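K.L.:
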Amino acid sequence: MMKKRIVIMFQRVSWRFYAVLILIVALISGVTVLFFRPGHLLFDDIPESDGYLSQSTVLPGVTNLSSLTFNRDDGMLYATLNSPPTLLRLSRDGDITGSQPLDFLRDAESVEYIADGQYALADEANSLIYIVSIDADMAVTILKKFHAGMFFSKKKNRGYEGLAWDEQNNRLYLGREKGSERLYSLEYHPDTQIISGVNVHNGLNQRLHLQDISGLDFDGNNLLILSDESGVLLRTQPGAEQDTVISVMHLKKGCHGLEQDIPQPEGVATDDEGNIYVVSEPDGFWKFTAVKNVIRAEE
Numbered sequence: 072m073m074k075k076r077i078v079i080m081f082q083r084v085s086w087r088f089y090a091v092l093i094l095i096v097a098l099i100s101g102v103t104v105l106f107f108r109p110g111h112l113l114f115d116d117i118p119e120s121d122g123y124l125s126q127s128t129v130l131p132g133v134t135n136l137s138s139l140t141f142n143r144d145d146g147m148l149y150a151t152l153n154s155p156p157t158l159l160r161l162s163r164d165g166d167i168t169g170s171q172p173l174d175f176l177r178d179a180e181s182v183e184y185i186a187d188g189q190y191a192l193a194d195e196a197n198s199l200i201y202i203v204s205i206d207a208d209m210a211v212t213i214l215k216k217f218h219a220g221m222f223f224s225k226k227k228n229r230g231y232e233g234l235a236w237d238e239q240n241n242r243l244y245l246g247r248e249k250g251s252e253r254l255y256s257l258e259y260h261p262d263t264q265i266i267s268g269v270n271v272h273n274g275l276n277q278r279l280h281l282q283d284i285s286g287l288d289f290d291g292n293n294l295l296i297l298s299d300e301s302g303v304l305l306r307t308q309p310g311a312e313q314d315t316v317i318s319v320m321h322l323k324k325g326c327h328g329l330e331q332d333i334p335q336p337e338g339v340a341t342d343d344e345g346n347i348y349v350v351s352e353p354d355g356f357w358k359f360t361a362v363k364n365v366i367r368a369e370e
């Protein structure tokens with residue numbers, strides 16, 4: 072009889088325990104969805120960027136797109152493929168006009184144009200950054216390489232996801248996919264190829280409510296930060312005293328003329344006419360042109 076009572080009591084306690092546990096999990100899940108939905112509530116107090124989709128296309132025969140940059144000197148776009156490591160040259164309409172294997176890289180994660188034919192290339196596999204020159208025939212010459220492990224802790228698939236060149240201040244920005252400290256910059260002089268002045272952008276690191284960073288670009292004095300998991304493109308302004316978030320562009324269906332979500336956006340670039348380009352894995356090419364009226368997705 073006593074054993075039976077103990078069993079009944081245990082069953083009641085177990086039932087209540089699991090009921091409370093389920094309730095707690097449900098509440099936590101609800102709060103998470105409400106407050107941490109990628110690209111939604113956390114950005115409602117930030118103005119939406121001007122822009123609409125003017126063109127989208129699939130790059131034929133391309134897989135593993137990983138980054139994008141604009142060369143303001145020749146007016147062309149350059150993209151990288153993860154595997155096999157490859158550099159592509161593209162027109163502003165997404166036509167492939169050239170390609171070059173990058174045999175010295177293991178995982179071509181990011182490319183950024185600097186000046187006078189110089190580019191920065193990031194290899195996520197070994198945390199190396201290369202400064203290279205690329206001529207009109209797309210021949211690549213390595214000018215310098217350095218290990219940036221001093222900036223980022225080495226974690227698998229948690230390395231470089233973006234590079235951005237601030238021409239006005241001679242600073243190269245490095246973006247890390249995950250972590251509390253994701254944005255760094257260092258001073259670089261293209262004429263001497265001297266690297267110095269490492270800076271951790273704590274202001275932006277604290278203000279970035281993003282699931283990840285998948286790409287970077289500099290437009291004037293604004294740093295653009297692309298997030299795959301959050302589905303947004305943030306326009307920010309790094310500053311000596313305060314880093315600020317200026318606007319957000321949602322990369323979701325119904326926003327900016329998009330008929331579908333941009334799947335896995337991996338690279339972003341801006342040209343000299345204010346157009347914004349986004350590439351998505353494996354082979355997507357998207358072009359946005361600035362306008363005043365923006366259509367946001369319905370809540």
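Numbering (my numbering), first residue to last: 72 to 370.
For each residue, glycine too, the CB sits at the ideal point set by N, CA and C.
Predicted model only: the values in this text are computed from it and were never measured.
Less than 8 Å separating the beta-carbons of Trp-236 and Glu-180?
P.N.:
Not in contact: Trp-236 and Glu-180 (Cβ atoms no closer than 8 Å).
K.L.:
Taking the C-alpha atoms as reference points, what is the distance between Leu-98 and Tyr-201?
P.N.:
Low local confidence applies: a pLDDT of 47 at Leu-98 is under 50, so the model's placement there is unreliable, with the coordinate-based value given in what follows. Each residue's alpha carbon lies about 48 Å from the other.
K.L.:
Taking contact to mean at least 3 C-beta pairs separated by less than 8 Å, is the stretch 261 to 276 in contact with the stretch 296 to 313?
P.N.:
Result yes; three or more Cβ-Cβ pairs closer than 8 Å.
K.L.:
Could you check how far apart the C-beta atoms of Gly-146 and Arg-160 are, in whole angstroms? I think they sit under 8 Å.
P.N.:
11 Å between Cβ atoms; not a contact.
K.L.:
Determine the DSSP secondary structure at Tyr-346, reduced to helix, strand or coil.
P.N.:
Checking the sequence, you will find Asn at residue 346 rather than Tyr. Asn-346 falls in the coil class under three-state DSSP.
K.L.:
Between Val-339 and Asp-299, how many whole angstroms is the CB-CB distance? I'm expecting something under 8 Å.
P.N.:
About 11 Å; that fails the 8 Å criterion.
K.L.:
Using DSSP bridges, identify the partner residues of Asp-194.
P.N.:
Ala-179 and Leu-199.
K.L.:
Pick helix, strand or coil for Leu-275, following the three-state DSSP scheme.
P.N.:
In the structure shown, Leu-275 sits in a helix (DSSP, three-state: H, G or I).
K.L.:
Could you tell me the boundaries of the beta strand (DSSP E) in which Lys-215 lies?
P.N.:
That run of the beta strand (DSSP E) goes 211 to 218.
K.L.:
Distance check for Leu-281 and Phe-175, CA to CA, integer angstroms please.
P.N.:
Those two C-alpha atoms are separated by around 32 Å.
K.L.:
So, at 8 Å on beta carbons, what are the nonlocal neighbours of Phe-359 in its own chain, with the 5 sequence-adjacent residues on each side left out?
P.N.:
These residues qualify, in order along the chain: Gly-122, Tyr-123, Leu-124, Ser-125, Met-320, His-327, Asn-346, Ile-347, Tyr-348 and Val-349.
K.L.:
For a quick check, are the C-beta atoms of Pro-131 and Pro-156 less than 8 Å apart?
P.N.:
No, the Cβ-Cβ distance between Pro-131 and Pro-156 is not below 8 Å.
K.L.:
Check whether the Cβ atoms of Leu-322 and Leu-305 lie closer than 8 Å to each other.
P.N.:
No, Cβ-Cβ distance for Leu-322 and Leu-305 is not below 8 Å.
K.L.:
Checking the sheet assignment: what are the DSSP bridge partners for Glu-258?
P.N.:
For Glu-258, which the question treats as bridged, DSSP gives the partners Arg-242 and Ser-267.
K.L.:
For Ser-256, count the other beta carbons within 10 Å of its own beta carbon; 16 or more makes it buried, fewer makes it exposed. Which is it?
P.N.:
It counts as buried.
K.L.:
Residues in the same chain with beta-carbon distance under 7 Å from Asp-164, minus the five sequence neighbours each way, listed in chain order, please.
P.N.:
Excluding positions up to five away in sequence, the list reads Gln-126.
K.L.:
Using a 10 Å radius around the Cβ and a threshold of 16 neighbouring Cβ atoms, would you call Glu-344 buried or exposed?
P.N.:
Glu-344 comes out exposed.
K.L.:
How long is the line joining the alpha carbons of Ser-154 and Ser-137, rounded to whole angstroms?
P.N.:
Rounded to the nearest angstrom, the two C-alpha atoms are 9 Å apart.
K.L.:
Identify the residues that DSSP records as bridge partners of Ala-150: which are they?
P.N.:
BP columns for Ala-150 point to Leu-139 and Leu-159.
K.L.:
Cα separation between Asp-115 and Ile-317?
P.N.:
Computed Cα separation, rounded: 12 Å.
K.L.:
Measuring CA to CA, which of Gly-302, Asp-314 and Asp-283 is closest to Leu-329?
P.N.:
Checked all of Gly-302, Asp-314 and Asp-283; the closest Cα to Leu-329 is Gly-302.
K.L.:
What is the rounded straight-line gap between the Cα of Gly-325 and the Cα of Leu-297?
P.N.:
Approximately 18 Å between the Cα atoms of the pair.
K.L.:
Can the beta-carbon of Ala-191 be found closer than 8 Å to that of Ile-185?
P.N.:
Taking 8 Å as the Cβ cut-off, Ala-191 and Ile-185 qualify as a contacting pair.
K.L.:
Using the Cα positions of Leu-214 and Gln-239, report the straight-line distance between them to the nearest angstrom.
P.N.:
The straight-line gap from Cα to Cα measures roughly 22 Å.
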